[in-house]
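One structure is given below, encoded as structure tokens.
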Amino acid sequence: MANISLCLVTFNCARTLVQARQFGPHILDAFPQHVPTPDILVISLQEIAPIAYSFLGGSFLTPYFDAIREAVKLAAKGHAHVISRNLGMTAIMIFAKDPSNISSIQTAGVGVGVQELGNKGAVGIRLLYSETQLTFVAAHIAPMEHAMLRRNEDWRNIVKRLVFTNNVRATRDEQDEDVPLLQGLQHGDGSGLGMYSPRSHLFVAGDLNYRVSETKPKESDFEKFPQPTDKADNQNHFMRLLKNDQLLQQLKLGNTLHGLSEAEIKFPPTYKLLAPNSSSDWNWARHRWPSWCDRILYLESPVWMQKKIRVHKYEVLPQLATSDHRPVGLSLSVPVGAIPKPPNQEDDIRLHPPFEIDPDWKSRRVIARKKEIAVGIVAYLILTWEGNTIVLATILGSIGSWLIIQSLLAV
Numbered sequence: 001m002a003n004i005s006l007c008l009v010t011f012n013c014a015r016t017l018v019q020a021r022q023f024g025p026h027i028l029d030a031f032p033q034h035v036p037t038p039d040i041l042v043i044s045l046q047e048i049a050p051i052a053y054s055f056l057g058g059s060f061l062t063p064y065f066d067a068i069r070e071a072v073k074l075a076a077k078g079h080a081h082v083i084s085r086n087l088g089m090t091a092i093m094i095f096a097k098d099p100s101n102i103s104s105i106q107t108a109g110v111g112v113g114v115q116e117l118g119n120k121g122a123v124g125i126r127l128l129y130s131e132t133q134l135t136f137v138a139a140h141i142a143p144m145e146h147a148m149l150r151r152n153e154d155w156r157n158i159v160k161r162l163v164f165t166n167n168v169r170a171t172r173d174e175q176d177e178d179v180p181l182l183q184g185l186q187h188g189d190g191s192g193l194g195m196y197s198p199r200s201h202l203f204v205a206g207d208l209n210y211r212v213s214e215t216k217p218k219e220s221d222f223e224k225f226p227q228p229t230d231k232a233d234n235q236n237h238f239m240r241l242l243k244n245d246q247l248l249q250q251l252k253l254g255n256t257l258h259g260l261s262e263a264e265i266k267f268p269p270t271y272k273l274l275a276p277n278s279s280s281d282w283n284w285a286r287h288r289w290p291s292w293c294d295r296i297l298y299l300e301s302p303v304w305m306q307k308k309i310r311v312h313k314y315e316v317l318p319q320l321a322t323s324d325h326r327p328v329g330l331s332l333s334v335p336v337g338a339i340p341k342p343p344n345q346e347d348d349i350r351l352h353p354p355f356e357i358d359p360d361w362k363s364r365r366v367i368a369r370k371k372e373i374a375v376g377i378v379a380y381l382i383l384t385w386e387g388n389t390i391v392l393a394t395i396l397g398s399i400g401s402w403l404i405i406q407s408l409l410a411v
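Written out as structure tokens, the structure reads:
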């Protein structure tokens, strides 16, 4: 094996259960047909489930993870599910063609939403595959056209507080399928480090929410929204919007996703789409500029390493009726083997991350997790039919108890 073939897919599920039969046939659309199925398949999910289920976690998320597993079975039947993790509403799932090649796993998570909760944030998995260390990060950061600086700040906080640890345990919904995989793992290098690690390749996939304007569109702007019939020389062609893309601009300025590269974008915006209509037109929402919110970036091999990462395809997947985002996929090959130590003190971002790790990252996450559970319980009772049933039963039970006590006192 000279290279490890990877396929990464990012999808904002819009808090709705993914329909496996719709998603599955397209998961590998970004993987070259002439290349065998990928050695590793990584799926980054944002807004995987309603906030109550996401914050409470555990068995509440089992149906949502199971739906993705079923979709992957339709796309890559021979792949085993290795591990799934979530931080609030953001999740990551790893599948491998030969999981015996995986010898260690570390995980990490950080919230950057309100009060550092996980309505926005990042979750990461670092693994050793055939002596090659790979770090995968799923992220979801601040929305809205005007919030570009907030997105940059969210990235900064992710870099500072996404710290990988060795405490990998099978979750309740993984126990039957994945315990044999997880129990055989050894602790490896990379624990206690942030997302930038001297010996690791890095991949970031998610709803990064960068837009093509800092203001909402006016009603008159709707006529400028791209459509599939627009030719390349048409002033409304989607590539005309790409020159205003905030992420590309901020990358050039060195203000976000430091050191990361992105394959050339040749596909239309991925957000914000209404449910498909009967025509072949893109059904854009009028109150948001069509934008490339959903992105996948990677860290190039270091300059002192001869073998380089090779990109195969970067593509948007078909729209699913359950979401206002389109999934995006990236396929690439990574050279097998450990990243060697640099011959000198090279100026590489792996050795000199853009921000230092926050020494209080662990205590801040513990506090935020307690808040998530509290918010999750309240949301469950108020926003779900199961919770409503519990509240109603409690009220009726209290009223019934009061009536019984009153009748007993009246005797």
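Mapping of the sequence shown onto UniProt numbering: position 5 corresponds to residue 5, and the numbering continues sequentially without gaps.
By construction, the Cβ of each residue, glycine as well, lies at the ideal position given by its N, Cα and C atoms.
Computed from a prediction, not measured in an experiment: that's the story for all the values here.
- The beta-bridge partner set that DSSP reports for residue 7 consists of 41, 331.
- Following the DSSP letters along the chain, one finds residue 54 inside the alpha helix (DSSP H) bounded by residues 51-56.
- Closest in alpha carbon position to residue 292, among 210, 85, 333, 251, is 210.
- Residue 52 sits buried, since 16 or more C-beta atoms from the chains shown fall within 10 Å of its C-beta.
- By the neighbour-count criterion, in which a residue is buried when 16 or more other Cβ atoms sit within 10 angstroms of its Cβ, residue 253 is exposed.
- Each of 132, 56, 212, 84 was checked against the Cα of residue 307, and the nearest Cα belongs to 132.
- Within the same chain, and ignoring the five residues on either side of residue 386 in sequence, the residues whose Cβ sits closer than 8 Å to its Cβ are 380.
- Counting C-beta atoms within 10 angstroms of its own C-beta, residue 362 has fewer than 16 neighbours from the protein chains shown and is therefore classed as exposed.
- Secondary structure note for residue 197: it is in no alpha helix (DSSP H), with a DSSP letter that is neither H nor E.
- The distance from the Cβ of residue 60 to that of residue 93 is about 16 Å, inconsistent with a contact at the 8 Å cut-off.
- Secondary structure of residue 263 (DSSP, three-state): coil.
- The beta carbons of residue 130 and residue 101 sit closer together than 7 Å.
- Look at the beta carbons and you see the stretch 194-212 touching the stretch 286-300: at least three pairs across the two are nearer than 8 Å.
- Contact check between the stretch 230-244 and the stretch 254-263: fewer than three CB pairs, one atom from each, fall below 8 Å, which does not count as touching.
- Separation of residue 374 and residue 367 (C-alpha to C-alpha, rounded to the nearest whole angstrom) is 11 Å.
- In this structure, the beta-carbon distance from residue 149 to residue 122 does not fall below 7 Å.
- Membership of residue 240 in the alpha helix (DSSP H) is indicated by the continuous run 238-242.
- Ranking 364, 49, 201, 11 by CA distance to the CA of residue 160 puts 364 first.
- For residue 110 and residue 43, the gap between their C-alpha atoms comes out near 18 Å.
- At a Cβ-Cβ threshold of 7 Å, residue 270 and residue 312 do not count as neighbours.
- By the C-beta criterion, the stretch 8-25 is judged to be in contact with the stretch 62-79, since at least 3 inter-stretch pairs fall below 8 Å.
- For residue 222, there is no enclosing alpha helix (DSSP H), since its DSSP letter is neither H nor E.
- Annotated as proximal: residue 5 and residue 38, with beta-carbon spacing under 7 Å.
- Distance check between residue 315 and each of 20, 26, 1 places 26 closest, using alpha-carbon atoms only.
- Rounded to whole angstroms, residue 141 and residue 85 show a C-alpha spacing of 18 Å.
- Under DSSP, residue 284 takes part in a beta bridge, and its partners are 273.
- In the structure shown, the three-state DSSP call for residue 162 is coil.
- A direct Cα-to-Cα measurement between residue 398 and residue 376 gives close to 24 Å.
- Around the beta carbon of residue 234, fewer than 16 other beta carbons sit within 10 angstroms, so the residue counts as exposed.
- For residue 118 against residue 135, the beta-carbon gap comes to about 20 Å, at or over 8 Å, which does not count as contact.
- Beyond the five residues adjoining it in sequence on each side, residue 382 comes within less than 6 Å, by CB distance, of no other residue in the same chain.
- In this structure residue 222 is exposed. Its beta-carbon is surrounded by fewer than 16 other beta-carbon atoms within 10 angstroms.
- DSSP places residue 86 in the strand class (E or B) of the three-state scheme.
- Scanning its chain for C-beta atoms nearer than 8 Å, with the 5 sequence neighbours on each side dropped, one finds around residue 238 the residues 226, 230, 268, 269, 290, in chain order.
- Note: residue 132 is bridge-paired with 129 in the DSSP secondary-structure output.
- Apart from sequence neighbours up to five positions away, the residues of its chain that approach residue 305 with a beta-carbon distance below 8 Å are 335, 339, 340, ordered along the chain.
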